[in-house]
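Okay, so here's the structure we're looking at.
Residue numbers (the working numbering): 52 to 264.
The following block contains the structure:
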């Protein structure tokens, strides 16, 4: 029920947007009928942020019981990591996309010990590239990563393969692409034809050809 409320808020506030007539174009060049911008959650009332943080905290308690530090992946993962760390009463770090070129030249901000177990939080998983770079940065610095938690996943096979190759745990994110389109269909926000259209993209996103809806 909580996840259903989160999805409804995300779609009504256009944090998750569906476009059934003109696809979005991602930075990768992929065309898609969906776009997510979890950065918008920081501008929303605290109820939505709190539901997301509570959901992530429960995932971490269940799958990563030995966690000692919560880490945010720059930039969109940082605020969510902060709210989760507060709920779990744990220290917070964050990982930059690259080290600073001034000062102490840090890529990891915060304090870690060699015995810490870090769970990194990112907002969404597509191929997993950005969060896995953060995982590598923490490991290269000599620290331990217990795994990754995320708000949302597109459920692309590429991500599953990339996490396996990086020997990194990714437990079920709070929300999935199929959760979103199924709920929108159940709420009567999209038709059966539109649901099928959205499903067809998900089955083969790189080779997807826009069809009439």
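All C-beta atoms in this analysis are idealised placements derived from N, C-alpha and C, irrespective of residue type, glycine included. What you are looking at is a predicted structure, and each value in this text was computed from that prediction instead of being measured.
Check: Secondary structure of residue 182, DSSP reduced to three states; Outcome: helix
Check: Three-state secondary structure (DSSP) of residue 76; Outcome: strand
Check: Run of the alpha helix (DSSP H) containing residue 231, from where it starts to where it stops; Outcome: 228-237
Check: Cβ pair count under 8 Å reaching 3, the segment 185-202 against the segment 219-228; Outcome: yes
Check: Buried versus exposed, by CB contacts within 10 Å (16 or more), residue 78; Outcome: exposed
Check: Cβ neighbour criterion (16 or more within 10 Å) applied to residue 123; Outcome: buried
Check: Residue from 202, 159, 223 and 179 whose Cα sits closest to the Cα of residue 193; Outcome: 159
Check: DSSP bridge partner residues for residue 124 (one or two, in chain order); Outcome: 146
Check: Helix, strand or coil at residue 250 according to DSSP, with G and I counted as helix; Outcome: helix
Check: Exposure label - residue 235; buried when at least 16 CB within 10 Å; Outcome: buried
Check: Same chain, Cβ closer than 7 Å to residue 76, five either side skipped, listed in chain order; Outcome: 82
Check: Straight-line Cα distance separating residue 203 from residue 131; Outcome: 12 Å
Check: Endpoints, alpha helix (DSSP H) assigned at residue 68; Outcome: Unbroken run through residue 68 is the beta strand (DSSP E), 67-69; no alpha helix (DSSP H).
Check: Meets three-Cβ-pair contact criterion under 8 Å: the segment 84-93 and the segment 136-148; Outcome: no
Check: Residues bridged to residue 82 (per DSSP); Outcome: 76
Check: Cβ shell of residue 125 (< 7 Å), same chain only, five flanking positions each side left out; Outcome: 145, 146, 147 and 148
Check: Burial state of residue 164, where buried means 16 or more other Cβ atoms lie within 10 Å; Outcome: exposed
Check: Check: residue 159 C-beta below 7 Å from any heavy atom of the ligand MG; Outcome: As for the ligand MG, it is missing from this structure, which has no ligand bound.
Check: C-beta contact flag for residue 230 and residue 58 at 8 Å; Outcome: yes
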